[in-house]
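Input: a single structure, listed below in structure tokens.
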């Protein structure tokens, strides 16, 4: 069975999904792979890690435009509780990004990652 979403519904569902990721992280003390994938996707991050000692997320973003030598990675850290705001702020409305969000939501809701249909 397919699920149909417009971009606003997708954004709302993604916010609910992020809340679930946060709750799981608090319980298990680890980030799910889907949460890592979402943060890497939205921030074009090289890495995403959960710091158990101070309950925060660290994201490493490549700041160099050149591809010679080692990348210049800048690390950003924010509290686990702020993940929802950060994801909402970095939400992207182009078709490819909406498809990515739909696949994450589809996996979590058990409808299959390819069973999400985007409406304009």
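In this note's numbering, the protein residues as written are 37 to 156. Cβ coordinates follow ideal geometry from the N, Cα and C atoms, glycine included.
I need the straight-line Cα distance from residue 100 to residue 85, nearest angstrom please. Within the chain shown, residue 100 is the residue found at index 64, counting from 1. Within the chain shown, residue 85 is the residue found at index 49, counting from 1. Across the structure, residue 100 and residue 85 are spaced so that their CA atoms are roughly 21 Å apart.
Cutoff 6 Å; reference residue 62; Cβ partners in own chain excluding five residues on either side: On the chain shown, position 26 is the one that residue 62 refers to. In its chain, beyond the 5 residues on either side, no residue has a beta carbon closer than 6 Å to the beta carbon of residue 62.
Identified DSSP bridge partners for residue 107: Working through the chain shown from its first residue, we reach residue 107 at position 71. Bridge partners of residue 107 according to DSSP: none are assigned.
When the Cα atoms are used, what is the spatial distance from residue 46 to residue 135? Position 10 of the chain shown, counted from the first residue, corresponds to residue 46. Position 99 of the chain shown, counted from the first residue, corresponds to residue 135. Distance from the CA atom of residue 46 to the CA atom of residue 135, rounded to whole angstroms, is 10 Å.
Counted within 10 angstroms of its Cβ, other Cβ atoms place residue 49 as buried (16 or more) or exposed: As a first step, residue 49 must be located in the chain shown, where it is residue number 13. By the 10 Å Cβ count, residue 49 comes out buried.
Under 8 Å between the Cβ atoms of residue 109 and residue 91? Numbered from 1 along the chain shown, position 73 holds the residue referred to as residue 109. Numbered from 1 along the chain shown, position 55 holds the residue referred to as residue 91. No. Outside cutoff.
Per-residue DSSP class, three states only, for residue 126: Translated into positions along the chain shown, residue 126 becomes position 90. The DSSP-derived three-state label of residue 126 is coil.
Can you tell me whether residue 53 is buried or exposed, with buried defined as 16 or more other CB within 10 angstroms of its CB? Locating residue 53 in the chain shown gives position 17, where the first residue counts as 1. Counting every other CB atom within 10 Å of its CB across the protein chains shown gives residue 53 a total of 16 or more, marking it as buried.
Can you name, in chain order, every residue of its own chain whose Cβ lies under 6 Å from the Cβ of residue 76, other than the five neighbours on each side? The residue you call residue 76 lines up with position 40 of the chain shown. The answer, listed in chain order, is 84.
Opposite residue 96 in the DSSP bridges: which residues? What you label residue 96 is simply residue 60 of the chain shown in a count that begins at 1. Note: residue 96 sits in a beta bridge opposite 83, 111.
Where residue 49 falls: helix, strand or coil (DSSP): Here residue 49 corresponds to residue number 13 of the chain shown, with the count starting at 1. Residue state for residue 49 is assigned as helix, using DSSP reduced to three classes.
For residue 80, the nearest candidate out of 95, 103, 131 (CA to CA): Against the chain shown, residue 80 aligns to sequence position 44. When C-alpha distances from residue 80 are compared across 95, 103, 131, the shortest belongs to 95.
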